[in-house]
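Written out below as structure tokens is the structure these notes cover.
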Amino acid sequence: MYGGGIIVNPQFTYGTYGWTVSGQGEIAERVSRTNNGFMAAYNRKLPLDSFSQKVLLEKGKFYMFSAWVQVSEGSETVSAVFGTGGGEFVPGGSVVAEHGCWSLLKGGIAANSSGPVDLLFESKNTSKEIWVDNVSLQPFSKKQWQFHQDQNIEKVRKGKVRLQVTYPYSKAGVGGATVLIKQTKPGFAFGCGMNSHILKSTDYQNWFASRFKFTAFTNEMKWYSTEKKQGRENYTIADAMLKFAQDNKISIRGHTVFWDDPKYQTDWVKALSPKELKEAAERRMNSIVSRYAGDVIAWDVVNENLHFSFLEDNLGKNASSIYFSKAYKLDPSARMFVNEFNTIEFGGDVKVSPGNLKKRLEGMLSYPGNEDIPAGIGVQGHFGPGQPNLAYMRSSLDILATTGAPIWLTEVSVEPGLNQAQYLEEVLREAYSHPAVEGIIIFAGPLPAGFSATALTDMNFNSTPAGDVVDKLIKEWKSDDLKARTDEGGFFGTSLLHGEYEIMIINPITNSSSASIFEVTKDSSEKIFHIQME
1 MYGGGIIVNP QFTYGTYGWT VSGQGEIAER VSRTNNGFMA AYNRKLPLDS
51 FSQKVLLEKG KFYMFSAWVQ VSEGSETVSA VFGTGGGEFV PGGSVVAEHG
101 CWSLLKGGIA ANSSGPVDLL FESKNTSKEI WVDNVSLQPF SKKQWQFHQD
151 QNIEKVRKGK VRLQVTYPYS KAGVGGATVL IKQTKPGFAF GCGMNSHILK
201 STDYQNWFAS RFKFTAFTNE MKWYSTEKKQ GRENYTIADA MLKFAQDNKI
251 SIRGHTVFWD DPKYQTDWVK ALSPKELKEA AERRMNSIVS RYAGDVIAWD
301 VVNENLHFSF LEDNLGKNAS SIYFSKAYKL DPSARMFVNE FNTIEFGGDV
351 KVSPGNLKKR LEGMLSYPGN EDIPAGIGVQ GHFGPGQPNL AYMRSSLDIL
401 ATTGAPIWLT EVSVEPGLNQ AQYLEEVLRE AYSHPAVEGI IIFAGPLPAG
451 FSATALTDMN FNSTPAGDVV DKLIKEWKSD DLKARTDEGG FFGTSLLHGE
501 YEIMIINPIT NSSSASIFEV TKDSSEKIFH IQME
């Protein structure tokens with residue numbers, strides 16, 4: 001990519017020129033049977049024993065990284081890391097590399113300071129050689145990065161709309177008609193987590209309903225909330241929150257059927273034998289999914305099942321795949337999601353690398369009978385207080401997008417810090433501009449409701465800086481009201497953000513009006529909307 005960017009000798013055309021041994025071990029250029037040259041690190045003693053190249057980073061720039069990697073036998077995780085000096089190493093991405101097949105290692109780094117760093121490769125299994133080819137590291141200024149975001153938004157979030165106004169029973173267009181267009185619902189799902197405080201606070205209710213059309217309950221649908229004691233289910237709070245959402249035309253993501261973290265299982269669940277757990281899990285599945293079937297747009301069927309494996313450890317390695325199937329059969333109108341953290345936030349958590357999450361979803365869908373389940377990928381998006389690594393985030397989304405499944409950021413938050421509002425905006429804009437992302441839920445809200453980490457209001461429901469960012473983006477990601485006139489043929493064209501619209505046509509002669517509705521989607525560009533005037 002990018003001709004290697006700032007990497008010297010990226011295809012090893014000139015042997016080892018520009019590259020040096022990192023740590024112990026040896027390096028050499030190898031040539032494949034098809035006469036392709038690549039670099040090999042062998043006789044390794046430590047995980048970071050490989051080869052490296054010193055590159056100069058500039059503060060404030062984003063660096064996209066890629067390389068093709070293999071190992072000498074079997075399969076092994078290979079990571080790209082950047083040594084910044086003083087023994088500090090910043091992860092830049094990882095992939096499970098295999099022997100006999102080149103795998104794409106894609107990632108990136110955000111430069112928080114200027115200076116030289118060492119790019120090198122890491123694999124914990126030192127008995128295996130690391131093979132690498134076609135290395136690239138391409139810098140982008142913030143201006144270039146934002147330009148690419150804006151290009152994507154124009155391409156994937158907007159549609160060119162062409163309308164023709166006619167009289168009934170006539171093909172002739174009505175020239176000079178006044179056209180008034182108002183967006184009633186955004187096409188992109190931008191929502192906010194909701195908790196039970198909303199049931200007892202009209203201020204919270206008004207604040208939420210005036211902003212959001214999508215939500216997920218932070219805890220109220222989880223197993224530990226609906227069945228605190230075995231056999232005594234209580235959906236009172238979840239039902240009341242559902243009613244509030246439906247009364248305000250707010251779509252709901254079902255979060256979550258199962259959470260694979262042992263820490264969040266109730267004591268009575270942890271005390272069950274495998275046979276008893278299977279029976280309890282069946283009841284849980286049938287209870288919650290059947291209860292809210294048709295009322296939610298998606299289900300987080302298994303939460304964090306790469307980090308944790310409570311179900312698999314007790315019910316067998318295919319437990320998540322089986323429950324994916326059962327949930328879909330109970331609610332075929334909803335999309336079924338896996339949901340994980342650290343996949344887009346941090347390149348050092350190799351267990352949940354984009355490649356591993358992709359592999360997990362593909363494995364679940366390859367389970368017999370699961371092939372046609374409409375699936376989605378949930379990446380939580382819990383970011384720390386520092387500068388978010390947007391280069392790694394974009395690369396991760398690119399990799400996940402190759403599954404063809406829609407991606408949602410399901411629990412976005414940014415820890416408190418000096419630049420919290422700025423970093424929240426950067427994360428949200430990066431997600432919104434990516435073609436594969438279909439929705440964002442922020443796990444944030446008013447301080448009186450307990451959202452202290454990413455508070456969007458103070459105790460009096462006045463917006464915080466983070467709240468101002470959210471309000472700004474809500475406004476920006478919705479089309480402004482539009483007034484125009486049709487041409488002589490009754491036509492009018494414009495570019496609109498995807499979503500649902502009301503349109504009013506005013507007759508240029510009688511001044512009477514006609515109202516209609518239409519929807520702009522990614523498939524609307526070649527379509528002419530025919531609007532009849534009474």
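Using full-length UniProt numbering, the first residue of the sequence shown is number 1, and each one after it goes up by one. Don't be surprised by glycine CBs; every beta carbon is placed ideally from N, CA and C. Owing to the predicted nature of the structure, the values given are computational and were not obtained by experimental measurement.
Check your understanding: Starting from D118 and walking both ways along the beta strand (DSSP E), at which residues does that stretch end?
Key -> 115-122
Exercise for review: State the start and end residues of the unbroken beta strand (DSSP E) segment that holds L57.
Suggested key: 50-57
**Study point:** Distance CB(D481)-CB(I130) smaller than 8 Å
**Key:** no
Exercise for review: Measure the Cβ-Cβ separation of S514 and I505 and say whether it is below 8 Å.
Suggested key: yes
Exercise for review: Compare the Cα-Cα distances from G254 to each of W223, V69, G93 and report the closest residue.
Suggested key: W223
Review point. So, is the C-beta of E304 closer than 8 Å to a C-beta in chain D?
Key: Checking the listed chains, one finds no chain D in this structure; it contains a single protein chain.
Check your understanding: Between the C-alpha atoms of S321 and I441, what's the straight-line distance to the nearest angstrom?
Key -> 25 Å
Practice item. Use the C-beta contact count for F147: other C-beta atoms within 10 angstroms, 16 or more gives buried, fewer gives exposed. Key: exposed
**Study point:** Pairwise C-alpha distance: I344 and S113
**Key:** 22 Å
Practice item. Given a cut-off of 8 Å, decide if A421 and L397 are closer than it, judged by their beta-carbon atoms. Key: no
Check your understanding: With C-beta atoms as the reference, is W145 less than 8 Å away from L390?
Key -> yes
Practice item. Might you give, ordered along the chain, the residues of its own chain that have their beta carbon closer than 7 Å to the beta carbon of G369, omitting 5 neighbours on each side? Key: S325
Exercise for review: Counting only the same chain and skipping the five closest in sequence on each side, list residues whose C-beta sits under 6 Å from that of G443.
Suggested key: As written in the sequence, residue 443 is Phe, which differs from the Gly given in the question. Excluding sequence neighbours, F443 sits near G193, E411, S413.
Check your understanding: For the alpha helix (DSSP H) that T486 lies in, which residues bound it at each end?
Key -> It is not in any alpha helix (DSSP H) - T486 carries neither H nor E in the DSSP assignment.
Practice item. Please report the residue range of the alpha helix (DSSP H) in which W268 lies. Key: 267-270
Review point. Hey, is the region 100-112 in contact with the region 61-73, meaning 3+ C-beta pairs nearer than 8 Å?
Key: yes
Point to revise | Between the CA atoms of N305 and I377 - distance to the nearest angstrom | key: 12 Å
Review point. Is it a yes or a no for the region 147-158 touching the region 167-180, going by three-plus beta-carbon pairs under 8 Å?
Key: no
Point to revise | Contact under 8 Å by Cβ, A67 with F51 | key: no
Check your understanding: When the Cα of N206 is compared with those of P446, H99, S251, R33, which residue comes out closest?
Key -> P446
Practice item. Would you check if the region 113-129 and the region 361-375 touch, i.e. whether three or more CB-CB distances between them fall below 8 Å? Key: no
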